[in-house]
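Engineer:
Numbering (the working numbering), first residue to last: 11 to 408.
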């Protein structure tokens, strides 16, 4: 009889013990717990993500009503804006990018004299072959395809420039890591439009050159350009100095390239393997708060959060998960932490995206990056990540 009275109490204690055990396990570091509860890393829903996209993009477009030039930084914003349009269907976003494209005559640098065309750094109209002027072609091609390929004038300049470039013997067009995001997707987008295999052949030649001078086999990360290769250049603490946004450019760029490649493309597996190697290396340097520091392997070189690199990484991880290339159990906890940083720290109440390192090419000790630090390319990276998060949640419900 005494046993019968105690049994309910014992069962209650057992239940409490089990629940307590589950609760404590949820506090374990996400990476070590990733094999057990991968989906618990994302506590978002599609409606909330759409609200975030609207908040961020409306703020940017309202505060920047006049179309900018076709140089890399506004053009990088438009790559994110187009993805936001694709997931929201908000015509205001497409109209905004079209107004920008029309202002720039669907061109990058505008020189007509091919003998003057250059590809070293330059912001004038004769630097037609410099990738910072070619990224605009990504959005022009997207507008062209989104409208059902009705107006070939939208890609006329892109075809002219890229076909001229591919007709030269040079392979060193992408001498800095940013250029890999700027132009690699242009090559695959134009391949999809034209079916011309030369785009894929030249893509591989140009990327192979970039890899030969920028990629570090030991760390499986990219130096920004030849000036920063170790040991010629070192971080504040004598380490290899890998710039977060620079590695964000290539990680996101590879995702865009793989997405547009045919399944039987000659070098597709090579690009996927490089993408996976970057994913693994970057995961190891994520900070507990979810962001990556500006110098990836030397936290003390330029400490504190940075949004543009973190957003590009988040986009790349989500794209890899959504397309079955990255293991969800391994990488979803990484995304869970970076998404929390992006939406709870980087995103401000008014829709501003903060903690974006200003235009530059390296992590700078002592540089102030705070909640008021924003930029067009950082907003574009945020929109890429948010759009891919929406796709993840959409696929999750299928």
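Just so it is clear, CB atoms sit at the ideal spot from N, CA and C, and this is done for glycine as well.
(1) Mind reading off the beta-carbon distance from residue 196 to residue 261? Whole number of angstroms is fine, and I expect it under 8 Å.
(2) Where residue 95 and residue 292 are concerned, what is the direct C-alpha to C-alpha distance, given to the nearest angstrom?
(3) Does the Cβ of residue 275 have 16 or more other Cβ atoms within 10 Å, making it buried, or fewer, making it exposed?
(4) Could you please give the first and the last residue of the uninterrupted alpha helix (DSSP H) stretch that includes residue 396?
(5) In the structure shown, what three-state DSSP assignment does residue 78 receive?
(6) To the nearest angstrom, how far is the alpha carbon of residue 101 from that of residue 227?
(7) With a cut-off of 8 Å on the beta carbons, I'd call residue 258 and residue 318 a contact; round off their distance for me.
(8) According to DSSP, is residue 328 part of a helix, a strand, or is it coil?
(9) Check whether the segment 198-212 touches the segment 236-245, counting contact only when three or more Cβ pairs, one atom from each stretch, lie closer than 8 Å.
(10) Say whether chain D places a C-beta atom closer than 8 Å to the C-beta of residue 301.
(11) Do you know offhand how far residue 246's Cα is from residue 201's?
(12) Going along the chain, which residues of its own chain have a beta-carbon closer than 7 Å to the beta-carbon of residue 153, five neighbours each way excluded?
(13) Beta-carbon separation of residue 80 and residue 118 under 8 Å?
(14) How many Å lie between residue 266 and residue 192 at the Cα?
(15) I'd like the list of long-range same chain contacts for residue 230, defined as Cβ closer than 8 Å, with 5 residues on each side in sequence excluded.
(16) State whether the segment 355-369 contacts the segment 329-343, with contact taken as three or more CB pairs (one from each stretch) at a distance under 8 Å.
(17) Can you give the Cα-Cα distance for residue 294 and residue 307, rounded to whole angstroms?
(18) When you compare only the Cα positions, how much space is there between residue 58 and residue 334?
(19) For the alpha helix (DSSP H) that contains residue 336, what are its first and last residues?
(20) Taking residue 63 as the reference, which of 363, 74, 405, 135 has the closest Cα?
(21) Below 7 Å CB to CB, which residues in the same chain sit around residue 324 once its five sequence neighbours on both sides are set aside?
(22) With distances taken from CA atoms, which of 368, 124, 178, 142 is nearest residue 186?
(23) Identify every residue that forms a DSSP beta bridge with residue 363.
(24) Suppose you measure from the CA of residue 71 to the CA of residue 389; what does that come to, to the nearest Å?
(25) Please determine whether the Cβ atom of residue 65 lies at a distance below 7 Å from any heavy atom of the ligand GTP.
(26) Near residue 121, what residues of its chain come up, given a Cβ to Cβ distance below 6 Å and the 5 sequence neighbours on each side ignored?
(27) Give the straight-line distance between the Cα atoms of residue 377 and residue 87, rounded to the nearest whole angstrom.
(28) Report buried or exposed for residue 393, applying the criterion of at least 16 other Cβ atoms within 10 angstroms of its Cβ.
(29) Using the beta-carbon count (16 or more within 10 Å), is residue 407 buried or exposed?
(30) Near residue 397, what residues of its chain come up, given a Cβ to Cβ distance below 6 Å and the 5 sequence neighbours on each side ignored?
(31) Starting from residue 261 and walking both ways along the alpha helix (DSSP H), at which residues does that stretch end?
(32) Is it buried or exposed, residue 105, if we count other Cβ atoms within 10 angstroms and call 16 or more buried?
(33) For residue 310 and residue 368, what's the separation of their Cα atoms in angstroms?
Structural biologist: Once the coordinates are examined:
(1) With a beta-carbon spacing of about 17 Å, residue 196 and residue 261 fall beyond the 8 Å limit used to define contacts.
(2) Spanning the two alpha carbons is a distance of roughly 29 Å.
(3) Classification of residue 275: buried, given that the 10 Å Cβ count is 16 or more.
(4) Segment 386-406, the alpha helix (DSSP H) holding residue 396.
(5) In this structure, residue 78 counts as coil in the three-state DSSP scheme.
(6) About 44 Å.
(7) Contact holds; Cβ gap of about 6 Å.
(8) It is helical.
(9) Under the Cβ criterion (8 Å, minimum of three pairs), the segment 198-212 does not count as touching the segment 236-245.
(10) In the displayed structure, chain D is absent; only one protein chain is listed.
(11) Cα to Cα, the separation comes out at about 43 Å.
(12) Closer than 7 Å at Cβ, skipping near neighbours: 107, 108, 111, 164.
(13) Closer than 8 Å, so yes.
(14) Here the alpha carbon of residue 266 sits roughly 11 Å from the alpha carbon of residue 192.
(15) Taken in chain order, the residues that qualify are 287, 288, 290, 291.
(16) Taking a cut-off of 8 Å for Cβ pairs, the segment 355-369 and the segment 329-343 do not touch, as fewer than three such pairs fall below it.
(17) Straight-line spacing of the CA atoms in residue 294 and residue 307 works out to 9 Å.
(18) Between the C-alpha atoms of residue 58 and residue 334 there is a straight-line separation of about 24 Å.
(19) It is not in any alpha helix (DSSP H) - residue 336 carries neither H nor E in the DSSP assignment.
(20) The candidate whose alpha carbon is nearest that of residue 63 is 363.
(21) Closer than 7 Å at Cβ, skipping near neighbours: 345, 348, 349, 352, 395.
(22) Of 368, 124, 178, 142, the residue nearest in Cα terms is 142.
(23) Beta-bridge pairing links residue 363 to 357.
(24) Cα to Cα, the separation comes out at about 11 Å.
(25) In the structure shown, the ligand GTP is absent, as is every other ligand, since no ligand is present at all.
(26) In the same chain as residue 121, and ignoring 5 residues on each side of it, the C-beta atoms closer than 6 Å to its own belong to 135, 136, 138, in chain order.
(27) Their backbone Cα atoms lie some 23 Å apart in a straight line.
(28) Buried.
(29) An exposed status is given to residue 407, since fewer than 16 other beta-carbon atoms sit within 10 Å of its beta-carbon.
(30) Here residue 397 has 93, 94, 97 as same chain residues with Cβ atoms under 6 Å from its own Cβ, once five neighbours each way along the sequence are excluded.
(31) In this chain, the alpha helix (DSSP H) harbouring residue 261 covers 254-270.
(32) By the 10 Å Cβ count, residue 105 comes out exposed.
(33) Taking the straight line joining both Cα atoms gives about 19 Å.
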